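*Asks:*
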Amino acid sequence: MSSVANYIKRIWTSRYFWLHLVNADLKYKFRRSRIGLLWTMINPLSLMLMISIIFSVLFKTPLEEFAPYVYSGLVVWNYMLASTIIGSGALISSEAYIKQFNHPLMIYCIRANLVGLISFLIEIVGLLIWYSFINISNVLFLILQLFIVLPILFLFGLPLTIITSFLTLRYRDFGQLTALLMQMIYFLSPIFLDISLFEQNNLYLLLYYNPITHLMNLVRMPLLNGKFICSVDVLFSVGFSFVLWIIALVIIRKMEKQSVFYF
Amino acid sequence: MSGAYIRLEKANLVYPSYSYSSKSIKEAFFNLFTNKGKYAPQAIHALKDIDLYISEGERVGVIGPNGAGKSTLLRLIAGIYPPSCGVVQVSGKVRSLFELSLGFEQEATGLENIIYRGLLLGETPKSIRAKQKEIIDFADLGEFIHYPIKTYSAGMLVRLAFAISTSVSGEILIIDEVFGAGDAAFQQKARTRMQSLIEQAKIIVFVSHDLSSIQNICNRCILLDNGRLLFDGKVQETISYYKSVLVGR
Numbered sequence: 039m040s041s042v043a044n045y046i047k048r049i050w051t052s053r054y055f056w057l058h059l060v061n062a063d064l065k066y067k068f069r070r071s072r073i074g075l076l077w078t079m080i081n082p083l084s085l086m087l088m089i090s091i092i093f094s095v096l097f098k099t100p101l102e103e104f105a106p107y108v109y110s111g112l113v114v115w116n117y118m119l120a121s122t123i124i125g126s127g128a129l130i131s132s133e134a135y136i137k138q139f140n141h142p143l144m145i146y147c148i149r150a151n152l153v154g155l156i157s158f159l160i161e162i163v164g165l166l167i168w169y170s171f172i173n174i175s176n177v178l179f180l181i182l183q184l185f186i187v188l189p190i191l192f193l194f195g196l197p198l199t200i201i202t203s204f205l206t207l208r209y210r211d212f213g214q215l216t217a218l219l220m221q222m223i224y225f226l227s228p229i230f231l232d233i234s235l236f237e238q239n240n241l242y243l244l245l246y247y248n249p250i251t252h253l254m255n256l257v258r259m260p261l262l263n264g265k266f267i268c269s270v271d272v273l274f275s276v277g278f279s280f281v282l283w284i285i286a287l288v289i290i291r292k293m294e295k296q297s298v299f300y301f
Numbered sequence: 051m052s053g054a055y056i057r058l059e060k061a062n063l064v065y066p067s068y069s070y071s072s073k074s075i076k077e078a079f080f081n082l083f084t085n086k087g088k089y090a091p092q093a094i095h096a097l098k099d100i101d102l103y104i105s106e107g108e109r110v111g112v113i114g115p116n117g118a119g120k121s122t123l124l125r126l127i128a129g130i131y132p133p134s135c136g137v138v139q140v141s142g143k144v145r146s147l148f149e150l151s152l153g154f155e156q157e158a159t160g161l162e163n164i165i166y167r168g169l170l171l172g173e174t175p176k177s178i179r180a181k182q183k184e185i186i187d188f189a190d191l192g193e194f195i196h197y198p199i200k201t202y203s204a205g206m207l208v209r210l211a212f213a214i215s216t217s218v219s220g221e222i223l224i225i226d227e228v229f230g231a232g233d234a235a236f237q238q239k240a241r242t243r244m245q246s247l248i249e250q251a252k253i254i255v256f257v258s259h260d261l262s263s264i265q266n267i268c269n270r271c272i273l274l275d276n277g278r279l280l281f282d283g284k285v286q287e288t289i290s291y292y293k294s295v296l297v298g299r
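For the record, the sequence lines run as chains A and B. Just so you know, the numbering used here puts 113 at position 75 of the first sequence, and the rest follows in order with no gaps. Just so you know, the numbering used here puts 204 at position 154 of the second sequence, and the rest follows in order with no gaps.
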């Protein structure tokens with residue numbers, strides 16, 4: 039137990055360092071282009087436009103209902119991608135630091151994940167600005183609940199980054215496997231497909247045992263329906279995170295010390 | 051926790067064979083079916099049964115031929131490599147000066163990199179800001195300090211790196227050959243600065259091939275060869291042993 043406490047303490051004492059890394063990553067991400075921050079919003083915005091227009095024609099769903107549904111799904115999905123596919127390189131890209139300093143390796147996972155989470159926030163702001171023209175009260179409602187939603191997302195995303203980045207360090211092609219897996223999950227999640235579509239076709243199990251569904255509901259419930267986040271969604275997300283954390287901690291315990299030899 | 055010390059007891063370090071081979075799932079999978087040829091990399095036993103105790107006030111030089119395990123020993127003490135077996139105990143705040151110019155942000159300016167590296171070395175934002183001016187003065191890069199690092203020449207980069215790395219002291223100082231930075235004028239400055247850093251530290255472990263700087267700095271010297279501790283004693287004794295046994299080999 040004391041080794042866990044010690045590990046957390048070491049993460050805390052190196053906080054200035056990894057917070058600065060996050061800061062530098064964000065700066066770098068936005069420095070290269072003139073519109074910087076805007077790019078982060080344009081990506082899901084343009085994808086949403088494309089998907090919404092096609093689907094509203096195909097399924098005859100009203101665009102103004104469908105578009106926010108797609109955008110909110112994409113925003114959560116982008117964070118999942120940041121946690122897994124982008125996050126899988128978190129340790130490999132920190133080689134120079136790992137070989138020189140004896141910091142706990144989890145800080146490099148936290149770094150990668152926080153950058154993803156902040157991008158999520160920026161994308162969400164894009165959504166909120168646009169949606170406040172449609173339904174301002176729901177927007178305020180979501181902002182209030184973000185204080186619960188964000189920690190839940192982070193609690194879910196961080197162990198994913200830990201698992202993928204440690205395994206990618208050990209097996210360099212694990213990243214490709216992750217990409218393949220995420221592509222499959224993409225089509226099995228209600229990102230742009232309406233939930234009713236899953237229900238009609240007896241794909242209940244796929245929908246309800248998929249943690250992505252519940253994570254997306256955390257954003258969609260307040261924004262689209264003006265309701266409080268549902269306890270089932272919270273319980274499911276937190277429960278699933280718990281399992282991920284156990285795997286992540288086992289991996290850290292087994293691999294952390296040897297990791298320096300994998301470069 | 052009284053005083054700084056380094057204690058190694060029967061410390062061994064083996065670079066496992068997987069650090070050279072089988073880096074993918076695909077390879078690992080096919081290796082199940084194929085015989086690894088006789089050229090498959092073997093684990094390397096880099097440090098063998100090292101017993102070493104360094105107490106406060108000692109300045110230990112580490113010498114030996116290439117591949118003797120000198121740098122590995124430093125990284126073991128710094129906590130970057132875990133011992134494969136044996137005991138490694140270090141009490142005191144460790145500061146290591148390895149590859150100086152690693153970990154710079156190419157896009158950021160020199161000024162930003164000072165903060166950045168300072169935090170990397172364990173400073174707080176407040177304490178590094180206090181040292182910022184002194185570092186700028188020492189590096190003496192003129193207006194280049196406001197330019198991105200990628201515009202720097204190799205020499206300028208080394209000067210900045212040296213200025214930052216040596217501005218933060220520690221109880222245990224671990225140095226892996228950092229001299230030879232910049233032009234002649236800067237080298238003189240660098241030497242004086244190293245000297246004061248060395249005076250502040252309680253323990254120094256210093257790897258170098260330059261025997262004269264070992265003689266200048268150290269009051270104890272160990273000789274490594276092929277992963278074993280061959281000789282441990284006064285600087286002059288160790289150096290003459292080294293010359294008689296290994297150099298003529």
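Where is the CB? At the ideal position from N, CA and C, for every residue including glycine. What you are looking at is a predicted structure, and each value in this text was computed from that prediction instead of being measured.
Does the CB of B:E221 have a neighbour CB from chain A at under 8 Å?
*Replies:* B:E221 does not count as touching chain A.
*Asks:* Going straight from the alpha carbon of B:S290 to that of B:M206, what length do you get?
*Replies:* If you take the alpha carbons of B:S290 and B:M206, they lie about 37 Å apart.
*Asks:* Could you pull out every residue in the same chain whose Cβ sits closer than 7 Å to the Cβ of B:E59, ignoring the five residues on either side in sequence?
*Replies:* Result list for B:E59: D101, G136, V137, in chain order.
*Asks:* With a threshold of 8 Å between beta-carbons, can B:I127 be considered close to chain A, or not?
*Replies:* No, B:I127 lies away from the interface with chain A (no Cβ there is under 8 Å from its Cβ).
*Asks:* Report the CB separation of A:S279 from A:F139 in whole angstroms; it is logged as a contact under 8 Å.
*Replies:* Contact flag wrong, Cβ pair sits at about 29 Å.
*Asks:* With DSSP as the reference, identify every bridge partner of B:C135, one or two as the case may be.
*Replies:* B:N62.
*Asks:* Alpha helix (DSSP H) containing A:S234: first to last residue?
*Replies:* Run containing A:S234: 233-238, per the alpha helix (DSSP H) assignment.
*Asks:* Checking contacts by CB at 8 Å: is A:V298 closer than that to chain B?
*Replies:* Output row for A:V298: interface = yes.
*Asks:* How long is the line joining the alpha carbons of A:E330 and B:Y103, rounded to whole angstroms?
*Replies:* Beyond the ends of chain A as shown, which are 39 and 301, falls residue 330 of chain A; an answer cannot be given.
*Asks:* Please determine if the stretch 259-278 of chain B and the stretch 106-120 of chain B are in contact, where contact requires at least 3 C-beta pairs separated by less than 8 Å.
*Replies:* Yes, since at least three Cβ pairs between the stretch 259-278 of chain B and the stretch 106-120 of chain B fall closer than 8 Å, the two stretches touch.
*Asks:* Less than 8 Å between CB atoms is the rule here; does A:R258 satisfy it with respect to chain B?
*Replies:* No, because no Cβ of chain B sits closer than 8 Å to the Cβ of A:R258.
*Asks:* Should A:A62 and B:A158 be called a contact, given that it needs their Cβ atoms to be closer than 8 Å?
*Replies:* The answer is yes: Cβ separation under 8 Å.
*Asks:* By the criterion of Cβ-Cβ separation under 8 Å, what are the contact partners of B:E155 in chain A?
*Replies:* Chain A residues near B:E155: A62, Y66.
*Asks:* Mark B:D226 as exposed unless 16 or more other C-beta atoms lie within 10 angstroms of its C-beta, in which case mark it buried.
*Replies:* So B:D226 counts as buried.
*Asks:* Cα-Cα, which of A:I124, A:L287, A:Y169, A:F158 is closest to A:Y107?
*Replies:* Closest by alpha carbon: A:Y169.
*Asks:* Quick check: what's the CA-CA separation for B:F148 versus B:L171?
*Replies:* Cα to Cα, B:F148 sits roughly 12 Å from B:L171.
*Asks:* Buried or exposed: which applies to A:Y135, given that a residue is buried once 16 or more other Cβ atoms fall within 10 Å of its Cβ?
*Replies:* Buried.
*Asks:* Let me know if B:G167 comes out buried or exposed under the rule of 16 or more other beta-carbons within 10 Å of its beta-carbon.
*Replies:* Contrary to the premise, residue 167 of chain B reads as Arg rather than Gly in this sequence. By the neighbour-count rule (16 or more Cβ atoms within 10 Å), B:R167 is buried.
*Asks:* Got a sec: is the Cβ-Cβ distance from B:P198 to anything in chain A below 8 Å?
*Replies:* Not an interface residue.
*Asks:* Could you check whether A:L152 and A:V60 sit closer than 8 Å to each other, using their CB atoms as the reference points?
*Replies:* In this structure, A:L152 lies closer than 8 Å to A:V60 by Cβ.
*Asks:* Would you kindly work out how many angstroms separate the C-alpha atoms of A:R79 and B:L247, rounded to a whole number?
*Replies:* Rather than Arg, the amino acid found at residue 79 of chain A in this sequence is Met. Straight-line Cα distance between these residues: approximately 49 Å.
*Asks:* Determine, for A:R69, whether the minimum Cβ-Cβ distance to residues of chain B falls below 8 Å.
*Replies:* So yes, A:R69 belongs to the interface.
*Asks:* Determine the direct distance from the alpha carbon of A:Y45 to that of B:L124, and round the result to whole angstroms.
*Replies:* So the alpha carbons of these two residues sit roughly 23 Å apart.
*Asks:* Which chain A residues sit within Cβ distance under 7 Å of B:F212?
*Replies:* Per Cβ cutoff of 7 Å: no residues; B:F212 is ~15 Å from chain A at best.
*Asks:* Is the beta carbon of B:E155 closer than 8 Å to that of B:I199?
*Replies:* Result yes, Cβ atoms of B:I199 and B:E155 sit closer than 8 Å.
*Asks:* Whose C-alpha, out of A:F225, A:Q183, A:R208, A:L188, is nearest the C-alpha of A:E294?
*Replies:* Checking every option, the nearest Cα to that of A:E294 belongs to A:R208.
*Asks:* For the candidate residues A:D232, A:T202, A:Y224, A:V270, whose alpha-carbon lies nearest to that of A:N116?
*Replies:* If we check each option's Cα against that of A:N116, A:Y224 comes out closest.
*Asks:* If we count Cβ pairs, one from each stretch, closer than 8 Å, do we get three or more for the stretch 110-126 of chain A versus the stretch 154-162 of chain A?
*Replies:* Because the criterion of three Cβ pairs below 8 Å is met, the stretch 110-126 of chain A and the stretch 154-162 of chain A touch.
*Asks:* So, helix, strand or coil for B:T159, using DSSP?
*Replies:* If DSSP states are grouped into helix, strand and coil, B:T159 belongs with the strands.
*Asks:* Starting from the Cα of A:R53, find the closest Cα among A:L253, A:M254, A:I162, A:M144 and give me that residue.
*Replies:* That would be A:M144, whose Cα lies nearest to the Cα of A:R53.
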